[in-house]
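Chains Z and E, in that order, are what the protein sequence lines are. Residues in the first sequence are numbered from 2 upward in steps of one, following the numbering used here. Residues in the second sequence are numbered from 31 upward in steps of one, following the numbering used here.
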Amino acid sequence: MPRAAAPDRPVRPARAVPAPVRAPVRTAVRPPRWRRRHHRVAAVAAGFLVMVGMAALLAPWVAPHPPTRQQIARRLLSPAWAGGRPEHVLGTDQLGRDIASRIVYGARVSLAVAVVAVGLAAGTGVTLGVTAGYYGGRLERVLTRLADVQLAFPLTLLVITLIAILGPGLGNVALAMALGGWATYFRMTRAQVLALREAEYVVAARCLGVPDARIAFRHILPNALSPLVVLASFSVAQVIILESALSFLGLGVQPPVPTWGAMLADSRDYLAVAWWLAAFPGLALMLTVLAINVLGDWLRDLLDPRLVV
Amino acid sequence: MVSYVARRLLDAVLGVLGVTTIAFLAIRLSGDPVALLVTEYATPEDIARVRRVLGLDQPLWVQYGRFLGDVLRGNFGESLRFIKPAAPLVYSALPATLALAAAALLLALALALPLGLLAGMRRGSVLDGAAIVLATLGQSVPYFWLGILLIMAFAVRLQWLPAFGSESWRHLILPALTLAMTPMARIARIVRAGMVEVLTQDYIRTARAKGLPGGAIVLRHALPNLAIPLVTILALDFGTLLGGAVVTETIFAWPGVGRLVVQAIQSRDYPVVQAAVFYLATSVVVLNLVLDVLYARLDPRIRYA
Chain Z
2 MPRAAAPDRP VRPARAVPAP VRAPVRTAVR PPRWRRRHHR VAAVAAGFLV
52 MVGMAALLAP WVAPHPPTRQ QIARRLLSPA WAGGRPEHVL GTDQLGRDIA
102 SRIVYGARVS LAVAVVAVGL AAGTGVTLGV TAGYYGGRLE RVLTRLADVQ
152 LAFPLTLLVI TLIAILGPGL GNVALAMALG GWATYFRMTR AQVLALREAE
202 YVVAARCLGV PDARIAFRHI LPNALSPLVV LASFSVAQVI ILESALSFLG
252 LGVQPPVPTW GAMLADSRDY LAVAWWLAAF PGLALMLTVL AINVLGDWLR
302 DLLDPRLVV
Chain E
31 MVSYVARRLL DAVLGVLGVT TIAFLAIRLS GDPVALLVTE YATPEDIARV
81 RRVLGLDQPL WVQYGRFLGD VLRGNFGESL RFIKPAAPLV YSALPATLAL
131 AAAALLLALA LALPLGLLAG MRRGSVLDGA AIVLATLGQS VPYFWLGILL
181 IMAFAVRLQW LPAFGSESWR HLILPALTLA MTPMARIARI VRAGMVEVLT
231 QDYIRTARAK GLPGGAIVLR HALPNLAIPL VTILALDFGT LLGGAVVTET
281 IFAWPGVGRL VVQAIQSRDY PVVQAAVFYL ATSVVVLNLV LDVLYARLDP
331 RIRYA
């Protein structure tokens, strides 16, 4: 892997040293500088996500204040460096609750919903996809039709409709997103399995008398996994944004549980006087989603080098 | 071709029927609407009478049959909140939503197309790197947060543009910009990737070899081949835009179907929810159908068996 020279290393004159002979590269153009740095960017993103995850897990120890404690005397304090108090680093909201603590606790909801929703959607979609792709038959036709019809609808709309049925709350939000999301995994898994079903190693396994279910899940599925992993990583980002949008609309996890979306919704009444109410929860949300997307890009490059990007 | 369109039409009808059924079941499972209609002084007889008048005392499948018959006639019942027929309420809000979505899509295209084309043509350049960073950021920024930031900057601080309402075209700018960000990022990526791919084709080399100027190669030889992925992504994005409009309309108090449906869900105004879901689903499905048929026109290689 070619590495960009670190600035502190002595830079060797390029012409004096003959360039090492490399294996022929598929692409005519050398990858752009930012892409050569990709591994490092991905590492930073991963580090950030680990930090967010730890903060969510250890919220009671990490958060400087209880997230729902109201202190009316300290309402709408600006961040510590902008004239606020040092014990409220990112300031307080309209009820005197500590913004930093609420952001730490808000990470819990975002990550929990994302993990549960994507886990459920991927689990169901992949299981059904392998079964349908391997066995075929009537079940396959019905499921394929169902997935096609469902995929014709925008996810946000579908999830909002489901929330209207199920009602708000953490479990229902995750369930609605799983119901809305399984079809993508199903379709992709099925296509992969269909392509691999007649591969020689599958025929070989069949000749050796390996049971069907074992062939499908132990021999075919692992070879079909790469695009699914990439899909899952991007859908975690999508689910986190959608969960925040639902909380923003008041259709997600209900107060007093702090969520990034609900914090943003509250901030709208104080835009002229308290910018920090809108700035920090949104920043937390954006950085988290950005880190996941960067990791997703990196995974895609790693697992699917055929893609010209 | 005819049988293909017929099959797609059947799928479309099935899809709308499915979503409508979900919406029908939705509200009946989520709580008793009668409880919201009567006062706390209502006697059990009053409640029974309300149920009878609304047909809620019938078995579920009778209610469903009646509901489907009504839907075919465009009748979704009366809004419980406005005491007006639900369908016209939604119907009159639909143009505002479509206008917002169309403005956002045009804006996204106007920004993303040149960006993606230039980035794809000069792959590996500084411009390309900037375009990719911009697209990644655009895909990651939560659009409703962007909306709030835009209000804070342009409406509260600078006071250049109005933040709420829909009286003039100036009211459209901020919500359209908010809604355009996500599709802009996605379109730019698709156009860039498509451009990179197309430029490696033999026919581009031939065009270059016979001395065509770069502009002509891009416009006449490369761009038409981008039309298919572009139309696909536009169709997808239009659906996403309708979903995003639900949130954006709420932020900017834009009087569209999205805001209507959020308020209706919150007040359990189920006729309005059903009507809104029906009309939104139908617009998406009709658009998809039109685009599917359009593919055959765009790409002569596609033959529908």
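Where a beta carbon is used, it is the ideal one built from N, C-alpha and C, also for glycine.
query	result
Step through the CB atoms of chain Z and report whether any lies within less than 8 Å of the CB of M214/E.	no
Could you give the distance in angstroms between the alpha-carbon of A57/Z and the alpha-carbon of V35/E?	50 Å
With 7 Å as the C-beta to C-beta threshold (strictly closer), list the residues of the segment 132-158 of chain Z near chain E in chain order.	D149, V150, A153, F154, P155, L156, T157 and L158
Compare the C-beta of M182/E with all C-beta atoms of chain B and state if any pair is closer than 8 Å.	Annotation note: the requested chain B is absent from the structure, which comprises protein chains Z and E.
For A311/E and chain Z, any beta-carbon pair shorter than 8 Å?	yes
For E199/Z, does the three-state DSSP call read helix, strand or coil?	coil
Would the C-beta of G84/Z count as close to the ligand HEM, meaning under 7 Å from any of its heavy atoms?	Only the bare structure without any ligand can be found here, which leaves the ligand HEM out of the picture.
Quick check: the Cα distance between G182/Z and R86/Z, rounded to an integer number of angstroms?	44 Å
Just by C-beta distance, which residues in the segment 247-274 of chain E are closer than 7 Å to chain Z?	G269, T270, L272, G273 and G274
Can you pull the chain Z neighbours of D299/E, defined as C-beta to C-beta under 9 Å?	Chain Z residues near D299/E: none, gap ~10 Å exceeds 9 Å.
Closer than 8 Å between beta carbons: that is the criterion. Which residues of the segment 162-186 of chain Z meet it against chain E?	T162, L163, I164, A165, I166, L167 and G168
Just the chain E side, please: which residues come within less than 7 Å of I242/Z by C-beta, in chain order?	P172
In chain order, what residues of the same chain have a beta carbon less than 7 Å from the beta carbon of A225/Z, not counting five sequence neighbours either side?	T190, Q193, V194 and L197
Write down every uninterrupted run of the alpha helix (DSSP H) in the segment 54-116 of chain Z whose length is 4 residues or greater and which is fully enclosed by it, in chain order.	60-63
Looking only at its own chain, which residues have a Cβ that is under 7 Å from the Cβ of Y94/E, when we skip the five neighbours before and after it?	F54
Hey, L296/Z and A46/Z are a contact pair by Cβ (cut 8 Å); roughly how many whole angstroms apart?	5 Å
Do three or more CB pairs link the segment 37-55 of chain E to the segment 298-317 of chain E at distances below 8 Å?	yes
Going along chain Z, which residues have a C-beta under 7 Å from V186/E?	L272 and A273
Between V119/Z and chain E, is there a C-beta pair that is closer than 8 Å?	no
Using the beta-carbon of each residue, which ones in chain Z are nearer than 9 Å to L44/E?	R146 and V150
My understanding is that I162/E touches R216/E, with C-beta atoms under 8 Å, so please give their C-beta distance in whole angstroms.	That pair is no contact at about 13 Å.
For a contact meaning CB atoms closer than 7 Å, what does L286/Z contact in chain E?	P172 and W175
With contact counted as at least three CB pairs below 8 Å, one residue from each stretch, are the segment 226-233 of chain Z and the segment 158-172 of chain Z in contact?	no
What separation, rounded to the nearest whole angstrom, lies between the Cα atoms of T157/Z and G274/E?	7 Å
Taking the alpha-carbon positions, what's the P8/Z to G159/E distance?	Low confidence applies here, because P8/Z scores a pLDDT of 44, under 50, leaving its location unreliable; read the following figure in that light. Cα-Cα distance, rounded: 20 Å.
Is the beta carbon of A134/E sitting closer than 8 Å to the one on A210/E?	yes
Run through chain E and tell me which residues come within less than 8 Å of N294/Z, C-beta to C-beta.	T166, Q169 and S170
Leaving out five residues before and five after S245/Z in sequence, what residues of the same chain have Cβ atoms less than 8 Å from its Cβ?	S111, G253, T260, W261, G262, L265 and L286
Using 8 Å as the threshold, is the C-beta distance between V114/Z and V240/Z below it?	yes
Which residues does DSSP list as the beta-bridge partners of P115/E?	E108/E
Taking 8 Å as the limit between beta carbons, can you name the residues of its chain near G210/Z, skipping five residues before and five after?	none
Within 10 angstroms of the Cβ of D298/Z, are there 16 or more other Cβ atoms? Answer buried if so, exposed if not.	buried
At 7 Å on the CB atoms, spell out the chain E contacts of F249/Z, in chain order.	F174 and V277
Should the segment 265-282 of chain Z be regarded as contacting the segment 120-127 of chain Z, the criterion being three or more beta carbon pairs within less than 8 Å?	no
Using beta carbons (cut-off 8 Å, strictly below), is P3/Z in contact with chain E?	Unreliable positioning characterises P3/Z in this predicted model, as indicated by a pLDDT of 44, which lies under 50. A coordinate reading is not provided.
Any Cβ of chain Z within less than 8 Å of the Cβ of L55/E?	yes
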